[in-house]
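0 is the number of the first residue of the sequence shown in numbering that gives the first Met the number 0; add one for each residue after it.
The beta carbon of each residue, even a glycine, is placed where N, CA and C say it ideally should be.
Just below is one structure, and these are the notes that go with it.
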Amino acid sequence: MKRNFYGWLFILFTSLVFAGQDLDIELTSGNTISVDAYPSDGNTLLVYLPTGRGFGKGYQTTAKELTTKGYDVWALDLHDSYMIPKYKSSINRFNIDDLVNIIAIAKEKSFKSIYFLTTGRGAQLALKIAYQWQLKHPNSTLLKGHIFHSPHLIDGKPGLGSTAKYINIAKFSNLPIYILLPQFGTKFMRSKEIGTQLKNGGSAVFMHRLTGVGYGFHMKKSRDLSKFGIKAKNHLASTYHQAIQLMKTIQVPKIMHTNADINAITKTTFVEPVLQVYRGKQGMSLNLKTLDGEVASLGHYKGQVLLINFWASWCNPCIKEIPSLMRLQQKFNEKDFKIITINVGEPRDKIVKFIKKLKLTLPILLDENGKAVKEWGVYAYPSNFLIDREGVIRYGFRGALEWDDQSVINTIKTLL
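Below, the structure is given as structure tokens:
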């Protein structure tokens, strides 16, 4: 009985989240940055940067584990420090000079190596800080590399059927970069494209693809993860350690100087939730397997008005719009109007479970390796293309709609 008690006590304590030490860093600008600090040997520092929406507390267990491997961790609470609300583009409102100053302070504290660790749009911030530090300290070898989860480096919001433009700073990175890409996330199918951008400035890029793992796994609770996600999260500290050991072997080239504005970004405008006139490329092909293993192409639907819908079961807006898509199909004769859904990169058994859960009745094609996603210029899910009887894409919408809304129905009728 006594043994069982201590056994349960051990499990209880090892499952607790240990918070770090509160550290306020006074900057030369007069600003103060709040840091959740996890001290270790004082030699190698991981600077944890937030995404536009912050980073909650999901990093704390991994940060504690990293200290046992000899890494100090500073998680910068930038939103509260600057009193900026948490939203996607808030990442562009932080003072880069202040953050470069933090690197100088870390140097004064005798850190010998610094790596940046972040997710999504936080990668933009990390690249800007590193570049500005290197400009001011061209002979410094303090900064060693980056660890990025699903880095978001696209400038603005690419239109359907277009090729995305990447932010300027992505082209001028020279530090080694280790990227973790979960399978169930929008960046997984774009790994080569992302890597190509980052290699322009001389960066060595390492891609770690995580099969069966969902986006944001490293910040979620275990109860919200698949068995693959739990395994990936439990091994994060070891993964980061291995990434750092790998990046240590890289000879970092000199940075490329540029007159381009590395802080320039394209402002995105709000789009009304109605079908938009399509202005992207035309003439894309479509040759994909069905769940039954047969091959379907656009030629199978010649003479029909088509709605092509790209989706994934991990995409909440996709789930939200599917019932209205099914209601829309019921309002038209399938000989004249057909909805074809394209699942992006998910295994058959996962799709079958999803079909049963939502009672999905629409045809499903499988874009298993992202070929259609790339050809059709799809960068977000859901993405929708409305095609007339001659095969010309006339309308589109990036995001979820209420598809049985009368305005949508009226637009479809103009094509019949």
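Check	Outcome
Helix, strand or coil at Tyr114 according to DSSP, with G and I counted as helix	strand
Inside the region 330 to 398 only - beta strand (DSSP E) runs reaching at least 3 residues	336 to 343, 363 to 366, 382 to 386, 392 to 397
Contact with chain C by Phe183, beta-carbon distance below 8 Å	In summary, chain C is missing from the structure at hand, where a single protein chain is found.
The region 386 to 399 contacting the region 306 to 319, beta-carbon criterion three pairs below 8 Å	yes
DSSP three-state assignment for Ile24, whether helix, strand or coil	strand
Bridge partner(s) assigned by DSSP for Arg208	Leu180
Backbone secondary structure at Leu15 - three-state DSSP	Since pLDDT at Leu15 reaches only 41, below the 50 mark, its modelled position is unreliable, and the value read off the structure follows with that caveat. Coil, per DSSP.
Cutoff 8 Å; reference Gln225; Cβ partners in own chain excluding five residues on either side	Checking the sequence, you will find Ser at residue 225 rather than Gln. If we look at Ser225 and ignore the five residues flanking it on each side, its Cβ neighbours are Gly211, Val212, Gly213.
Contacts around Leu306, its chain only, beta-carbon distance under 6 Å, and the 5 residues preceding and following it disregarded	Ile338, Leu385
Close Cβ partners of Met255 (< 6 Å) along its chain, the five nearest in sequence each way excluded	Phe171, Gly200
Pair within 8 Å by beta-carbon distance, Lys127 and Ile95	yes
Straight-line Cα distance separating Thr43 from Ala311	39 Å
Residues near Met206 in its chain [Cβ-Cβ closer than 8 Å; skip 5 each side]	Ile178, Leu180, Ser190, Gly194
Sub-8 Å separation of Leu65 and Leu45 beta-carbons	yes
Cβ distance (whole Å) where His151 is taken to contact Gly119 below 8 Å	5 Å
Outcome for Pro157 when other beta-carbon atoms lying within 10 angstroms are tallied against a minimum of 16	buried
DSSP three-state assignment for Val99, whether helix, strand or coil	helix
Cβ neighbours of Ser112 in the same chain (closer than 6 Å, five flanking residues each side left out)	Thr43, Lys143
Limits of the beta strand (DSSP E) - the one that His145 falls within	142 to 148
Same chain only: Cβ atoms within 7 Å of Ile104, ignoring 5 sequence neighbours per side	Ile24
Given Lys370 as reference, the closest of Lys288, Arg393, Val407, Asn409 once Cα atoms are compared	Lys288
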